[in-house]
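For reference, the structure is listed below as structure tokens.
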Amino acid sequence: MRIIHVPRRFVTDEWGGSETFIAETSYRLEKKGYQMEIFTSKALDTTGFELYRGIPIRRFSYSYPYIGLSKKSRAMLDKKAGNLFSFSLMHALQKTKDVDVIHLDTGKRLGGIVRYCALKKHIPYVISLHGGNLAVPKEEQETWTEPTKGTLEWGKLLGLWVGSRRVLNDAAAIICVGKDEYEAMSKKFPDKQVEYLPNGVDIDRFAYGNGPSFRSLHGIGKDRFVFLTVARLDVQKNQLGLVRQLPSMVKKIPNAHLVFLGHITSKEYVATLTSEAKALGVEDRITLIGGIPYSSTELVDAYHSADCFVLPSLHEPFGMVVLEAWASEKPVAVSQRGGLTSLVSEGKDGMFFDPEAPEDNASSISSVLGNLAANPELRKKLGEEGLKTAKESYSWDSITSRLETIYRSINENSVS
1385 MRIIHVPRRF
1395 VTDEWGGSET
1405 FIAETSYRLE
1415 KKGYQMEIFT
1425 SKALDTTGFE
1435 LYRGIPIRRF
1445 SYSYPYIGLS
1455 KKSRAMLDKK
1465 AGNLFSFSLM
1475 HALQKTKDVD
1485 VIHLDTGKRL
1495 GGIVRYCALK
1505 KHIPYVISLH
1515 GGNLAVPKEE
1525 QETWTEPTKG
1535 TLEWGKLLGL
1545 WVGSRRVLND
1555 AAAIICVGKD
1565 EYEAMSKKFP
1575 DKQVEYLPNG
1585 VDIDRFAYGN
1595 GPSFRSLHGI
1605 GKDRFVFLTV
1615 ARLDVQKNQL
1625 GLVRQLPSMV
1635 KKIPNAHLVF
1645 LGHITSKEYV
1655 ATLTSEAKAL
1665 GVEDRITLIG
1675 GIPYSSTELV
1685 DAYHSADCFV
1695 LPSLHEPFGM
1705 VVLEAWASEK
1715 PVAVSQRGGL
1725 TSLVSEGKDG
1735 MFFDPEAPED
1745 NASSISSVLG
1755 NLAANPELRK
1765 KLGEEGLKTA
1775 KESYSWDSIT
1785 SRLETIYRSI
1795 NENSVS
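If you use our numbering, the sequence shown closes out at 1800, no skipped numbers anywhere.
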């Protein structure tokens, strides 16, 4: 079978959950004899063609259909939630022959392009919902359109032409990475094939790492109790919530130290992080590291340098980094939000906190992390159970097999 993935962007040095899903499943399907390809835009990477682990990536020129859009605003849209259009990608899909399934990893105008071409060529397409839009607060959704304020949008005509609003309706199947989204889509489309397919993790890769080397590289003392967060530096991921409760945490954990590892999507947010840390007098207890390439051994070392993994997101569709922490046998503490509530089992393989609770509340970040730091037996148990959960339910081999079943069922239904 020949499968073409179409994500909004695919950038090896600004990695995210959708890139990981595409890369890991495509690599394994190739080994099973599938022909996998990636068609995407040149957002953040103008390389027209390259191979990633043997998978061809073809990038196409694109534009944002707004009059008066500044270069800075375009860059912001490239980073996050940009509703782009690509005539060259559309042309390539129309000309490409012998495609069995198109796997769409985005929506909006690019999703409309896939829908339009797939229907014209009688090719089934599936769409993966990676983003958890159901849980995104209205205030954050408004930040997505902030770069386009003051511009004149003419792209609605393009969306109407390719049927952007019918992408879900006309898909052969909808694949949901989060349980909450799966339940919502099942109710909305009772007669459609809706599948719950979570992300996975490479168990063997994360099993061994050099934590002391990572600490030495970044000047983190051996005596520090490290809370690691791996996530893009962004309002959604709520690193600021951790910073604001760090003074309270230090009273319970005198050697507490935060490590934030992730790509920067908002320079303004990072500026706020650093200024508040200085105002609170805790800047020497925070190590901020830019994004590390997913393929780098330093990423694995980062997990093994930690005493505890923390994900304080205000909303989260799934939480692939939790799987990576589990595979590294680290205890995890996460927000009781979105897909994390169905991923983590409280007290068994992780702990929950309320990311917005005041520090003196028993469910606050400070309280939960303080209790976890004071209980080494609990941390050991959570790490062991987390590794067990990852092995039993989230290996990439099992996730890929489930995806293969979806592809085959769609292809058979389209032929019949």
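Even glycine gets a Cβ: it sits at the ideal position worked out from N, Cα and C.
Because the structure is a prediction, the values reported are computed rather than measured.
Could you work out which residue in the options is closest to residue i when comparing CA atoms only?
i, options, result
"G1438", "K1426, E1408, A1459 and T1430", "E1408"
"V1716", "G1703, L1766, G1754 and I1673", "L1766"
"Y1450", "Q1629, E1434 and N1467", "N1467"
"A1663", "L1695, S1650, I1648 and Q1629", "Q1629"
"A1801", "W1399, V1395, K1635 and L1435", "The requested residue 1801 does not occur in the structure, where the chain is confined to residues 1385 to 1800."
"K1621", "R1792, Y1500, A1502 and L1695", "L1695"
"V1728", "L1698, E1743, F1702 and S1747", "F1702"
"V1643", "K1651, D1685, T1681 and T1649", "D1685"
"G1401", "L1707, K1764, T1789 and M1735", "L1707"
"L1473", "D1484, K1455, I1441 and D1462", "I1441"
"L1488", "F1598, D1554, L1461 and G1452", "D1554"
For residue i and residue j, what's the separation of their Cα atoms in angstroms?
i, j, result
"T1613", "L1626", "10 Å"
"P1677", "M1420", "22 Å"
"Q1720", "K1505", "44 Å"
"Q1623", "R1608", "19 Å"
"K1559", "I1511", "What sits at residue 1559 in the sequence shown is Ile, not Lys. If you take the alpha carbons of I1559 and I1511, they lie about 6 Å apart."
"E1567", "S1689", "37 Å"
"Y1411", "M1385", "14 Å"
"S1445", "F1423", "11 Å"
"A1732", "I1673", "Per the sequence shown, residue 1732 should be read as Lys rather than Ala. Using only the alpha carbons, I get a separation of about 30 Å."
"S1659", "Y1653", "10 Å"
"L1762", "S1751", "15 Å"
"G1495", "V1551", "6 Å"
"R1786", "E1768", "26 Å"
"G1534", "R1458", "13 Å"
"C1692", "T1784", "29 Å"
"T1431", "V1390", "16 Å"
"L1541", "F1737", "45 Å"
"I1387", "S1798", "14 Å"
"E1403", "A1661", "32 Å"
"S1747", "S1447", "45 Å"
My understanding is that residue i touches residue j, with C-beta atoms under 8 Å, so please give their C-beta distance in whole angstroms.
i, j, result
"T1671", "I1604", "6 Å"
"G1722", "E1700", "5 Å"
"Y1687", "G1593", "6 Å"
"E1713", "L1771", "5 Å"
"Y1500", "G1547", "6 Å"
"A1557", "I1790", "6 Å"
"A1711", "A1615", "Not confirmed; about 17 Å, so no contact."
Between which two residues does the alpha helix (DSSP H) carrying residue i extend?
i, result
"R1386", "Segment R1386 to V1390 is the beta strand (DSSP E) holding R1386; no alpha helix (DSSP H) there."
"T1681", "T1681 to S1689"
Note the first and the last residue of the continuous beta strand (DSSP E) segment covering residue i.
i, result
"S1719", "V1716 to S1719"
"I1406", "First-last for I1406: G1401 to K1415, but that is the alpha helix (DSSP H), not the beta strand (DSSP E)."
"P1440", "I1439 to F1444"
"E1579", "Q1577 to Y1580"
"H1487", "V1485 to L1488"
"S1632", "Careful: S1632 lies outside any beta strand (DSSP E), inside the alpha helix (DSSP H) at Q1623 to K1636."
In the DSSP output, which residue or residues are listed as bridge partners for residue i?
i, result
"V1610", "H1641"
"Q1363", "This structure does not reach residue 1363, given that the chain is present from 1385 up to 1800, and the question cannot be answered."
"G1734", "E1730"
"Y1778", "DSSP lists no partner for Y1778."
"Y1436", "I1439"
"A1557", "V1510 and Q1577"
Can you tell me whether residue i sits near the ligand ADP, meaning its C-beta is under 7 Å from at least one heavy atom of the ligand?
i, result
"E1761", "The ligand ADP is absent from the structure shown, which contains no ligand whatsoever."
Do we get a CB-CB distance below 8 Å when we pair residue i with the residues of chain B?
i, result
"T1396", "The structure shown contains no chain B; it holds only a single protein chain."
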